[in-house]
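Heads up: the structure comes next, in structure tokens.
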Amino acid sequence: MTSDDVPGDAPGTDTDESRREFLKIAAAASAILALGGIASVMKAVIFPSIPSSTQLTFPRVKVASVDSLSIGIPVEFNYPLDNEPNYVIKLGTKADGGVGPDGDIVAFSDICQHLGCNWGYVAPGGSPRVNPSYKAPGPVGYCPCHGSIFDLSQSAKVIGGPSPLPLPQVQLEVDGSGDIYAIGMGPPSVFGHNTGSSNVNDDLQGGTLVSITSETSQT
Amino acid sequence: MTEKDGFSERVAGWLDSRLGLSHPLLRPVPQFALNPFYWLGALAVVAFVIQGVTGMIMMLYYIPSPTQAYSSTQYIFQSVSNGRFLETVHLYTAYAMIMLAFMHMMRGYFVSVQKNPREVMWVVGMLMGFVTLGFGFTGYLLPWTVVSYSATHVGVGMISALPQPISNLLNFLIVGSAGDAGELLRFFDLHVVILPAVLLVLLAVKMYMLEAHGVADPTSGASAEAKARTLPIFPDVTVYLLELSLLFGAGMLLISAFFPLNLPAEYSALTAGQSTPQPDWYFLWIYQVLKVSVFEGGGGLAAALSVVTLVFIVLLVLPFIDRGKTRELSRRPVYVTLGLIFVGEVLMLSYWGSVTPGATIPLEQAALVIGGTALLIALVSLAVYRALYSRVRGRLQTVPAARVSRTEVRSGLAFAVLVAVGAVAIGTLVNSVVGIVLSGFSTSSGELLAVSAGTLALDVLGTVYVIYRLDLRTGGIRRRVKAFEVGWKG
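For the protein sequence lines, the chains are A and B, in the order given.
Once you know that position 5 of the first sequence is 1366 in the working numbering, the rest is easy, because the numbers rise by one and skip nothing.
Once you know that position 381 of the second sequence is 1051 in the working numbering, the rest is easy, because the numbers rise by one and skip nothing.
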């Protein structure tokens, strides 16, 4: 643009100066607004506030029946979220927190407390496939990732390996007809849910709770 | 153009005049750069293009949902025409891309391309390297096999060891709150949309800077005249690059044809409990660091991740750490040795990680092996520096460094090997003696003792023999000893 076209807008004139000032202020204001918006979104992401009004409770879900379980054969079910595997196992000997006629049916989160791998069941005297030199002293859970070992007859106490915490135990209930229901989780919280916390309500956040229909059809 | 031109000349002429092919748009390339080592990054880009093409074909079939990811991958393997070949090419070219990026980085480091004025190019290149690793991490989950799912979840599980704000942000970005389905979709989106877009932008920025600064001169040996000889980007360099790319592409296709992939089993918690997941080879060195016993248990993971993060940060800001002006290899013994140690440790840890899946490494063992590797490489590197370059600055300037004779290089290498073997033998000897003292004699420790003592004896004999032969032939040892003495004193 030359001064011949629009004389009032010639460089250095008052109109030009004020127009520049206006543009600068507008740009700065939009930048501040944009940054503020981004900051508020980031704050919500980084420091989320979990509304206490939507307090969830553990669902009651059928996971197996006493008759369907045989000793030493784990059955997998998802609980409390629909992508979190657990095992229900009939150990054959009375166990802490065990249910059923012999008090030997227990269930634990299948997610190791060390780094979130899935552990596998090893019967007394048996060896995990990944470590044939290890002989289980009792019914144990053996994590193939780093060799954490959990004593399933003693509420999954850590008896070896790097896991800092025992496995969360699923609270079970048997009704009159022999159906086994999961009704809640014991501490600590499931791996990945505010890991290391003893607040089991953390288990209910961060996903979709299992629905009763999908579980009954699975067993 | 005249009437006598043939058809092909006329077509070429028409294309040239309309498309401006021979117009000198881009900076010409110096002739010395027509060497594959100058095009490692370009080959990584070629690998990226192959990834794009094969990936887009697979996207026609792949379904990113937990229930269908595995079955749709299986469909590509079994039912799509040449689907298995397609998957194999995609994976192997991804491996090649990571390998080329690593080689590109290390070559750049050793010849100091990151120095003034190319510091920002290095930083952008490192970011591209991180994006490349991100491709590997996100792509690993997609087939939903037992290893890929478990290994990815160990990686994701590490997020929980980070400080709360960072872990919240990462959880939001790559995990989400919709369970497996949401997470898989995020990984897929990152893999096929976001990371490629970021990589392309970074590539454009880097190419712009390459155009501004040109190819870095060789560190030494090129005369000003040789540096001035250039070739136009079209047709010479273009044809050269096409040849190189086709050779690389053909190589990838051949390897894929000869070593086709097998799809591992589908993920389920039951199968996962029976197999040890391992990351893919490019993350094995990190995996091995995390398995050192001191990093297991409460707070240890955060410490281990800090160590690994520190390595990446140092790599990122390297040009601002190594601020020496010279680029010549012979004048940078410390940084070259550090680079060799880095490469050596990465190779050693990766191999070690691959053979000890799931096993925790005792701290003493880790310190011995990691420290030993560093010490060994440092000693060998400094010995080679002494042997090759000591006379440059020493007082016995009989031969210029550039004309070190072949015999001397050979004997220098022989000595380096002998020193290395000797160091390992001494280390094993000490180790077995300590073992016997601490935990009593056993057959295996006795064997180790005998073998290491025997090796050491042979090594000493070999050294004596080499010294004898050398002196007999050239009298080089006497001269060398003199050079060393002067070097040490000076």
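For glycine and all other residues, C-beta sits at the position ideal for the given N, C-alpha and C.
These numbers come from a predicted model, not from an experiment.
Contact check, residue i vs residue j, beta carbons under 8 Å
| i | j | result |
| --- | --- | --- |
| A1468/A | V1491/A | no |
| Y762/B | I746/B | no |
| G1092/B | L1046/B | no |
| G809/B | K876/B | no |
| L1513/A | A1456/A | yes |
| A1517/A | Y1440/A | no |
| V1016/B | W955/B | yes |
| L1088/B | T1133/B | yes |
| F1552/A | I1472/A | yes |
| D1536/A | S1550/A | no |
| G1453/A | D1465/A | yes |
| L756/B | I727/B | yes |
| L865/B | F805/B | yes |
| R777/B | L710/B | yes |
| V1422/A | V1571/A | yes |
| E966/B | P1523/A | yes |
| P700/B | R997/B | no |
| L1099/B | A1120/B | no |
| G1344/A | L1533/A | Because chain A is modelled from 1362 through 1580, residue 1344/A falls outside the range shown and cannot be assessed. |
| S915/B | V716/B | yes |
| V1460/A | G1539/A | no |
| M828/B | L975/B | yes |
| H883/B | G1477/A | no |
| H1475/A | P1548/A | no |
| G1023/B | Y952/B | no |
| G1009/B | Y779/B | yes |
| Y819/B | A942/B | yes |
| P698/B | I903/B | yes |
| L924/B | W792/B | no |
Integer Cβ distance of residue i from residue j, believed to fall under 8 Å
| i | j | result |
| --- | --- | --- |
| P1489/A | P1500/A | Actually they do not touch by this definition, with Cβ atoms about 13 Å apart. |
| T979/B | G1014/B | Not quite, the Cβ-Cβ distance comes to about 21 Å (not below 8 Å), so this is no contact. |
| L1049/B | A831/B | The pair is not a contact, with the Cβ atoms about 36 Å apart (cut-off 8 Å). |
| A821/B | Q948/B | 6 Å |
| T889/B | S735/B | Wrong, their Cβ atoms sit about 53 Å apart, outside the cutoff. |
| I991/B | V981/B | Incorrect: roughly 13 Å between the Cβ atoms, too far for contact. |
| S1102/B | S1112/B | So it is not a contact: roughly 10 Å between Cβ atoms. |
| A1235/B | N1479/A | This structure does not reach residue 1235/B, given that chain B is present from 671 up to 1160, and the question cannot be answered. |
| I844/B | F857/B | 7 Å |
Closer than 7 Å: residue i CB and nearest the ligand ADP heavy atom
| i | result |
| --- | --- |
| L988/B | The ligand content of the structure shown is nil, which means the ligand ADP is not present either. |
First through last residue of the beta strand (DSSP E) which encompasses residue i
| i | result |
| --- | --- |
| L914/B | Run containing L914/B: none in the beta strand (DSSP E); it sits in the alpha helix (DSSP H), T908 to F928. |
| V790/B | Segment E789 to L811 is the alpha helix (DSSP H) holding V790/B; no beta strand (DSSP E) there. |
| N1467/A | What sits at residue 1467/A in the sequence shown is Val, not Asn. Residues I1466 to S1470. |
| K1518/A | K1518 to G1521 |
| V1436/A | V1436 to N1439 |
| Y779/B | Unbroken run through Y779/B is the alpha helix (DSSP H), G753 to F780; no beta strand (DSSP E). |
| Y1503/A | V1501 to Y1503 |
| V1483/A | G1481 to V1483 |
| V868/B | Taken as a continuous stretch (DSSP letters only), V868/B belongs to no beta strand (DSSP E), being part of the alpha helix (DSSP H) at L865 to H883. |
| F1511/A | I1510 to D1512 |
| F1423/A | Checking the sequence shown, residue 1423/A turns out to be Lys, not Phe. Segment V1422 to S1426, the beta strand (DSSP E) holding K1423/A. |
| E1378/A | Not the beta strand (DSSP E): E1378/A falls in the alpha helix (DSSP H), residues D1375 to I1407. |
Extent of the continuous alpha helix (DSSP H) run through residue i
| i | result |
| --- | --- |
| S820/B | V816 to G827 |
| V977/B | G970 to L986 |
| V959/B | L954 to L960 |
| E1015/B | P1003 to V1025 |
| N1444/A | Here N1444/A belongs to no alpha helix (DSSP H), and DSSP marks it neither H nor E. |
| I720/B | L710 to M729 |
Under 7 Å by beta carbon: chain E residues contacting residue i
| i | result |
| --- | --- |
| F842/B | The structure shown contains no chain E; its protein chains are A and B. |
The segment 758 to 772 of chain B contacting the segment 716 to 723 of chain B, beta-carbon criterion three pairs below 8 Å: Using a Cβ-Cβ distance cut-off of 8 Å, the segment 758 to 772 of chain B and the segment 716 to 723 of chain B are in contact, since at least three pairs of beta carbons, one from each stretch, lie closer than that value.
The segment 937 to 957 of chain B: positions lying closer than 7 Å to chain A by Cβ: Residues passing the 7 Å Cβ filter: A939, L940, A942, G943, Q944, S945, T946 and P947.
Residues from the segment 1461 to 1483 of chain A in contact with chain B, defined by Cβ distance under 8 Å: Those would be D1471, H1475, L1476, G1477, C1478, N1479, W1480, G1481 and Y1482, in chain order.
The segment 1540 to 1574 of chain A: positions lying closer than 7 Å to chain B by Cβ: In summary, the residues of the segment 1540 to 1574 of chain A whose CB is separated from some CB of chain B by less than 7 Å are F1552, G1553, T1556, G1567, G1568 and T1569, in the order they occur in the chain.
Contact set between the segment 1027 to 1051 of chain B and chain A, restricted to residues whose Cβ is under 9 Å from the partner: Correct list: P1027, G1028, A1029 and T1030.
Given 8 Å, three or more beta-carbon pairs between the segment 925 to 943 of chain B and the segment 811 to 821 of chain B: Contact between the segment 925 to 943 of chain B and the segment 811 to 821 of chain B is established, with three or more Cβ pairs separated by less than 8 Å.
The segment 1421 to 1451 of chain A: positions lying closer than 7 Å to chain B by Cβ: Taking 7 Å as the Cβ-Cβ cut-off against chain B, the residues of the segment 1421 to 1451 of chain A that qualify are E1437, L1442, D1443, N1444 and P1446.
Touch test, the segment 704 to 714 of chain B against the segment 826 to 842 of chain B, Cβ-Cβ under 8 Å, three pairs minimum: Verdict: no, contact absent.
Contact set between the segment 1503 to 1517 of chain A and chain B, restricted to residues whose Cβ is under 9 Å from the partner: Correct list: Y1503, C1504, P1505, C1506, H1507 and G1508.
Contact residues within the segment 693 to 725 of chain B, judged by C-beta distance below 9 Å to chain A: Cβ contacts with chain A come from no residue of the segment 693 to 725 of chain B.
Against chain B: residues of the segment 1482 to 1497 of chain A by CB proximity under 9 Å: Among the residues of the segment 1482 to 1497 of chain A, those with a Cβ less than 9 Å away from any Cβ of chain B are Y1482, P1489, R1490, V1491 and N1492, in the order of the chain.
Residues from the segment 743 to 768 of chain B in contact with chain A, defined by Cβ distance under 9 Å: In summary, no residue of the segment 743 to 768 of chain B has a CB separated from any CB of chain A by less than 9 Å.
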